[in-house]
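The next block holds one structure in the form of C-alpha cells; read it before the comments.
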Amino acid sequence: MTDTTVLELVSPSALLKSEPVEMVVVPGTDGNFGVLPKHAPMISTIRPGVIDIYAGGKVSERIFVAGGVAEVNPERCTILAEEAVPVADIKADEAQARLETAEADLKAATTAHDKANAERALEIARAQIAALSN
C-alpha cells in the first residue's frame, strides 16, 4: 500500500473533502507547493488558483479555490478555502461574466476599500478563467 496523506478541504459552508491522497499541490501565495505524506509542518496563505489532487501517480481531480489558508503536518493537509469548486463544474460563460463584473466594479470604485475589493474580485476571476484553459 502506498503512503498517503489526508486532504481536508473546507469551505465556509461545508467540509468538501476528507480523504487520503498520494499528493496534493496547493497554489500558495509565494508559489505552488506539493504536500506528500510526512511533510514538515507549515502554514501558508493560498492565492486564487487550482488544487491538484494526485492518485495513481497522476492528477485525479482539480479544484479551483479563490484563496484561503493551508495547514500542513506529517499526517494531513487542511485547506480552509474562501470558495472552492471543481474545475470541471466551472462554466466558461459564468467565469467570463464574473470577470466583466469585476472589471466594471474596479472602474466604478471610488474609495480605497471598494478598489481593493474590486481588485481582489478581478484576481479571482482571472484565476478562474486561467483554470479553465489549463
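For the sequence shown, position 116 matches number 116 in the UniProt record's numbering, and the numbering has no gaps at all. Beta carbons are placed, not taken as given, at the ideal position from N, Cα and C, and that holds for glycine. Note that this is a predicted model, so its numbers are computed, not measured.
Limits of the unbroken beta strand (DSSP E) element including residue i
i	result
S60	K58 to V65
V87	Per DSSP, V87 belongs to no beta strand (DSSP E) and is neither H nor E.
residue 166	Outside the displayed span of the chain (1 to 134) sits residue 166, for which this structure offers no information.
T78	R76 to A81
T5	T5 to V10
A14	Careful: A14 lies outside any beta strand (DSSP E) and carries neither H nor E.
Element boundaries [alpha helix (DSSP H), containing residue i]
i	result
A112	A112 to S133
Burial state of residue i (16 or more Cβ within 10 Å)
i	result
I43	exposed
V26	buried
C-beta contact flag for residue i and residue j at 8 Å
i	j	result
R76	V10	no
T78	A84	no
I124	A66	yes
V72	P41	yes
E22	Y54	yes
L106	E119	yes
L132	A95	yes
D89	P37	no
P74	H39	yes
Residues that residue i bridges to, as DSSP identifies them
i	result
R98	In DSSP, R98 forms no bridge with anything.
N32	P27
D52	V25 and R62
Nonlocal neighbours in the same chain, by C-beta distance under 6 Å from residue i, ignoring five residues either side
i	result
I63	I51, A84 and P86
N32	V25
K115	A109
Sequence-distant residues of the same chain with beta carbon closer than 7 Å to residue i, five excluded per side
i	result
G68	I46, I79, L80, A81 and E82
L122	A102, E103 and L106
Close-in-space but distant-in-sequence residues of the same chain around residue i (CB under 8 Å, 5 per side omitted)
i	result
M1	Because M1 carries a pLDDT of 43, less than 50, the predicted location of this residue cannot be relied on, and no value is offered for it.
P20	T4, T5, V6 and L7
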